[in-house]
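K.L.:
Residue numbers (the UniProt record's numbering): 7 to 384.
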Ligand code: GLN
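1) Between which two residues does the beta strand (DSSP E) containing residue 304 stretch?
2) Taking three-plus beta-carbon pairs below 8 Å as touching, is the segment 351-370 in contact with the segment 308-323?
3) Taking the Cβ atom as the reference point for each residue, do residue 280 and residue 75 lie within a distance shorter than 8 Å?
4) Measuring only the C-alpha atoms, how far is residue 301 from residue 161?
5) May I ask you to check if the CB of residue 33 is nearer than 7 Å to at least one heavy atom of the ligand GLN?
6) Beta carbon of residue 315, beta carbon of residue 218: below 8 Å?
7) Cα separation between residue 289 and residue 48?
8) Are the C-beta of residue 341 and some C-beta of chain B separated by less than 8 Å?
9) For the candidate residues 137, 88, 265, whose alpha-carbon lies nearest to that of residue 112?
10) Considering only the beta carbon of each residue, do residue 141 and residue 159 sit closer than 8 Å?
11) Should the segment 229-236 be regarded as contacting the segment 198-212, the criterion being three or more beta carbon pairs within less than 8 Å?
12) Below 8 Å on the Cβ atoms is my guess for residue 225 versus residue 68; work out the distance and round it to an integer in Å.
13) Compare the Cα-Cα distances from residue 377 to each of 299, 121, 360 and report the closest residue.
14) Roughly how many whole angstroms lie between the Cα atoms of residue 37 and residue 343?
15) Do residue 50 and residue 275 count as a contact pair if the criterion is CB distance below 8 Å?
16) Look up residue 249 in the DSSP assignment and say whether it is helix, strand or coil.
17) Report yes if the C-beta distance between residue 340 and residue 29 is below 8 Å; otherwise report no.
18) Please classify residue 245: is it buried, with 16 or more other beta-carbons within 10 angstroms of its beta-carbon, or exposed?
19) Check whether the segment 94-102 and the segment 53-72 touch, using three or more Cβ-Cβ pairs below 8 Å as the test.
20) If you compare alpha carbons, which of 255, 262, 286, 278 is closest to residue 236?
21) Taking 8 Å as the limit between beta carbons, can you name the residues of its chain near residue 304, skipping five residues before and five after?
22) For residue 99, which option in 325, 277, 265, 209 has the closest C-alpha, if you only look at C-alpha atoms?
23) Considering only the beta carbon of each residue, do residue 308 and residue 384 sit closer than 8 Å?
24) At which residues does the beta strand (DSSP E) containing residue 142 begin and terminate?
25) State the Cα-Cα distance for the pair residue 151 and residue 41, rounded to the nearest angstrom.
26) Between the Cα of residue 269 and those of 333, 55, 334, spot the shortest distance and give me the residue it belongs to.
27) In three-state DSSP terms, what is residue 65?
28) Taking the C-alpha atoms as reference points, what is the distance between residue 133 and residue 35?
29) Determine the contact status of residue 195 and residue 169, defining contact as a CB-CB distance below 8 Å.
30) Would you kindly work out how many angstroms separate the C-alpha atoms of residue 257 and residue 108, rounded to a whole number?
31) Just list the residues that DSSP pairs residue 90 with in beta bridges.
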C-alpha cells in the first residue's frame, strides 16, 4: 500500500525492547516500572471483576473515577473541571493524545511542538493532513526558545504541544515558561495540548506547572495524563483528558469511535486508589531516591550526566569518550555490556545525533545498581 507515514518505522521502544530481550540485556530503556503496583490496586481490579464490572464502561468513563479525579485536580491545581462534561477517561494517554489531535486539528493546520519529543506527536499531526512544526530545544539544557515559538506562529497555527516534566530531557517548565506561553497564545484561538503524564514526578521541591494551575491557560488547554505512570500500571492503559466542555465535546466524538470506552474494572480500582493521596503524593520522593541512586552509581563512569528535574529519565552524554553515532553506541552497549538504553536521536525527526543516551530509572534498585555497574565499563 502507499504508506501514510513513509519515513516512520517501528517505535524505538519496541525496537530496543526486542534487542534487549535478544541479548538478555538489563533494560533501562522504556519508561515503565519493572516492579509491582500496590497489591491493593490489583486486588481492587480483581474485586471489581468479581462484582461483575466486566462490560463496557460509560463512554466518558466511570462516574466515580471522573468525580474523584475532578476533586483531586481541583485540590492540587485549583481548576474545577466538571466531571460530566470536562473529564474523559481514555484508554491510555496515548489514546488521549490521538483523540485530541484528531478532533481538533484540521488538514492544512499547523501544530508547533518541541524536539527532542515523544515519538507519537508529529506522526499523529501528519495523519490529520496537518503540518507538524518542530522547534528544537536548546542543546544540552533543553529549554524552550520562546522567541523562536513567536516567530513560528502563523495564522494557520492551531495547536502548541507541550510536555512537562519532559520526556526525554527530564526538564520541567518554570513560571517564566508559563508567562511566555500565556503571552503568546493570548488573543489567538491556539489550543495548548499539555502532556502531563509525569505530573507527580517532579524533583527537588519544584512545582509542577500544570495548565490546570493557570486559569487563562486552562481555558484553552487539553491536559492529558496517565494513571499508568502514577500508579505503576502502564499496562492497564488507562489515562485521562481534561478540557473545557466545548473542546471536550469534540474530543469525545473521536474517543467514542476509537475505543468507545476504557477498561471497566481498572477504572473502579483506580477510583479507590485516588481516595488515598499517598498513592500519588509520595511518588516524587520515591523516584527522586531512584534518580539519586542511579546518578551515584554512575559517578565513577565516563558519562556526563545531565540534570534530571522530573520524569523517569536521565540523559547521559558519551561524546566525551566516543565519537560513535548514538544508535551504534546503544547497540554496542546492548551486545557487549548487556544493558539497554535509548539513543536521543530517536526523539528528533531529523535524527540529530549529539552523543547522548536516555536512561530510565523506573526500575527496582537491584536493576539500577547492576545497570550502572555495566555502564561504568563503557
Ligand atoms: N513513555 C515511555 C517511554 O518514553 C514508553 C512509551 C511507549 O513505549 N509507547 O519510554
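Cβ coordinates follow ideal geometry from the N, Cα and C atoms, glycine included. Note that the coordinates shown come from a computational prediction; the quantities given were computed from them, not determined experimentally.
P.N.:
Taking the coordinates as given:
1) No beta strand (DSSP E) holds residue 304; DSSP gives it neither H nor E.
2) yes
3) yes
4) 45 Å
5) no
6) no
7) 18 Å
8) Here there is only one protein chain, and chain B is not present.
9) 137
10) no
11) yes
12) Not confirmed; about 27 Å, so no contact.
13) 299
14) 20 Å
15) yes
16) coil
17) yes
18) buried
19) yes
20) 286
21) 311, 322, 378, 381, 382
22) 265
23) yes
24) 137-142
25) 37 Å
26) 55
27) coil
28) 27 Å
29) no
30) 8 Å
31) Bridge partners of residue 90: none, in fact.
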